[in-house]
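K.L.:
First the structure, which I've put down as structure tokens, then a few questions once you've had a look.
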Amino acid sequence: MCENEKKLTLEKFEEATEVVGKVISETKLVYSEHFSNMTGNKVYFKPENMQYTGAYKVRGAYYKISTLSEEEKQKGLITASAGNHAQGVAYAAKLAGIKATIVMPTSTPLMKVNRTRGYGAEVVLEGDVFDQALAHAYQLADEHGYTFVHPFNDLDVATGQGTIAMEIIKELPTVDYILVPIGDFSSYRRRRPLYRSVHSGQAVKPQDQGNWSGTGRSELYAGIFKGWKSSGSPRRQYHCRRNSRSEAWRSFVPIHSGKCG
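Heads up: the sequence shown runs through residues 21 to 281, numbered per this note's numbering.
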């Protein structure tokens, strides 16, 4: 367990669940007969796409804001994102009555840009890719004194996102595995500490979306499984390279030297 995860405690998750619960929809698990029959397991889905912003990211953003001092709030918020975190911060800031500036890559779909603006945030388009937008956001934060809300490298944001696992455990206490579809490893990182603290003999399994698209292709790479019989076949190349030094990752995902070095 890494140092950051040691600070993600059950007490913090309980507190965050109470705070976040005031503004988000508690998305109930949906049983999938199709995928259950396909795998011989009981499979449920957690439909976070039913949140007002269309994704779970508002959880972390709102909880992060709740931990800020009045001085930090008055400075205004800034972040960088290509979509869901941008909308989460913009919406959470609107609920809290705080100014928000969102730096997005110029390649961001116009629909996401417009939705972010629709929540009242100032959108700055900068850079072709996320890393360039992130660097510009840091620069603006330094120049104007904004409070930076990192998309994932922040314990308060991580705690807020982890409230998803809290709801899962509350609704389905006997769950054996939580499979988390991930694009940048952060979503998995947020849920794992809570689930391990409550169910020490069970696990959260990260499932890479890197080379999969759409429900038909990704099949069961996202969902909640009761009595999961693992095939050990998820694709790992992208995240092995990106997170090859992470002991937390190695504890759950096979690392093959031929691909990861």
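Quick reminder that beta carbons are idealized off the backbone N, C-alpha and C, glycines included.
Determine the contact status of A153 and A100, defining contact as a CB-CB distance below 8 Å.
P.N.:
Yes, they are a contact pair.
K.L.:
Which word fits Y51, buried or exposed, when buried means at least 16 other C-beta atoms lie within 10 angstroms of its C-beta?
P.N.:
Y51 is exposed by the Cβ-count criterion.
K.L.:
Below 8 Å on the Cβ atoms is my contact criterion, and I expect T121 with L88 to pass it. Report the Cβ-Cβ distance as a whole number of Å.
P.N.:
Not quite, the Cβ-Cβ distance comes to about 15 Å (not below 8 Å), so this is no contact.
K.L.:
Rounded to the nearest angstrom, what separates V78 and H105 at their Cα positions?
P.N.:
Straight-line Cα distance between these residues: approximately 7 Å.
K.L.:
Using 8 Å as the threshold, is the region 27 to 40 in touch with the region 166 to 186, meaning 3 or more CB pairs across them?
P.N.:
Yes, the region 27 to 40 is in contact with the region 166 to 186.
K.L.:
Look at the Cβ atom of E92, then the Cβ atom of T167, and state whether they are nearer than 8 Å.
P.N.:
Cβ distance < 8 Å, so E92 and T167 count as in contact.
K.L.:
Find the nearest neighbour of A102 within the set A155, T194 and P129, judged by alpha-carbon distance.
P.N.:
Of A155, T194 and P129, the residue nearest in Cα terms is P129.
K.L.:
If we require 4 or more residues per run, which alpha helix (DSSP H) segments fall completely within the region 134 to 196?
P.N.:
Within the region 134 to 196, the complete alpha helix (DSSP H) runs of at least 4 residues are 150 to 164, 175 to 181 and 183 to 191.
K.L.:
Do G108 and G80 have their C-beta atoms closer together than 8 Å?
P.N.:
Closer than 8 Å, so yes.
K.L.:
Using the C-alpha atoms, what's the distance from T126 back to R270?
P.N.:
Low confidence applies to R270: its pLDDT is 39, below 50, so where it sits in the model is not reliable, and the reading given next is rough at best. Taking the straight line from one Cα to the other gives about 35 Å.
K.L.:
Only counting the same chain, and skipping five residues up and downstream in sequence, which positions put a Cβ closer than 7 Å to that of E46?
P.N.:
Taken in chain order, the residues that qualify are E187.
K.L.:
Tell me which residues share the same chain as G221 and place their Cβ nearer than 6 Å to its Cβ, disregarding the 5 neighbours each side in the sequence.
P.N.:
Low per-residue confidence applies at G221: pLDDT is 45, beneath 50, and the placement is therefore not dependable, though the value from the model is reported in the following sentence. Once the five neighbours on either side are set aside, G221 has no close Cβ partner at all.
K.L.:
Would you decide whether T37 is buried or exposed? Buried here means 16 or more other CB atoms lie within 10 Å of its CB.
P.N.:
Buried, because 16 or more other Cβ atoms sit within 10 Å of the Cβ of T37.
K.L.:
Determine the burial state of H164: buried for a count of at least 16 other Cβ atoms within 10 Å of its Cβ, exposed for fewer.
P.N.:
H164 comes out exposed.
K.L.:
Going by DSSP, name the residue or residues bridged to T99.
P.N.:
T99 pairs with I122.
K.L.:
Roughly how many angstroms separate the alpha carbons of E146 and H156, rounded to a whole number?
P.N.:
Distance between the alpha carbons of E146 and H156: 7 Å.
K.L.:
Leaving out five residues before and five after K66 in sequence, what residues of the same chain have Cβ atoms less than 7 Å from its Cβ?
P.N.:
Correct list, in chain order: T47, L49, I184, I188 and I244.
K.L.:
Compare the Cα-Cα distances from I118 to each of Y82, G180 and M70 and report the closest residue.
P.N.:
Closest option to I118, Cα to Cα, is Y82.
K.L.:
Take the Cβ of Q94 as the centre, count every other Cβ of all protein chains shown within 10 Å, and call the residue buried at 16 or more, exposed below.
P.N.:
Classification of Q94: exposed, given that the 10 Å Cβ count is below 16.
K.L.:
Give me, in chain order, the residues of the same chain whose beta-carbon lies closer than 6 Å to that of K132; leave out the 5 immediate sequence neighbours on both sides.
P.N.:
G103, listed in sequence order.
K.L.:
Report the three-state DSSP secondary structure of K66 (helix, strand or coil).
P.N.:
Coil, per DSSP.
K.L.:
What three-state label does DSSP hand Y72 in the structure shown?
P.N.:
Here Y72 sits in coil by DSSP.
K.L.:
Could you round the C-beta distance between L97 and V200 to whole angstroms and report it? I think they count as a contact, below 8 Å.
P.N.:
With a Cβ gap of about 26 Å, L97 and V200 do not count as contacting.
K.L.:
Between which two residues does the alpha helix (DSSP H) holding L30 run?
P.N.:
Unbroken alpha helix (DSSP H) run through L30: L30 to V40.
K.L.:
Whole angstroms is fine: what's the gap from R209's alpha carbon to V63's?
P.N.:
Any reading at R209 needs caution, since the residue's pLDDT is 46, under 50, leaving its predicted position unreliable; the model's value is listed next. Rounded to whole angstroms, R209 to V63 spans 22 Å at the Cα level.
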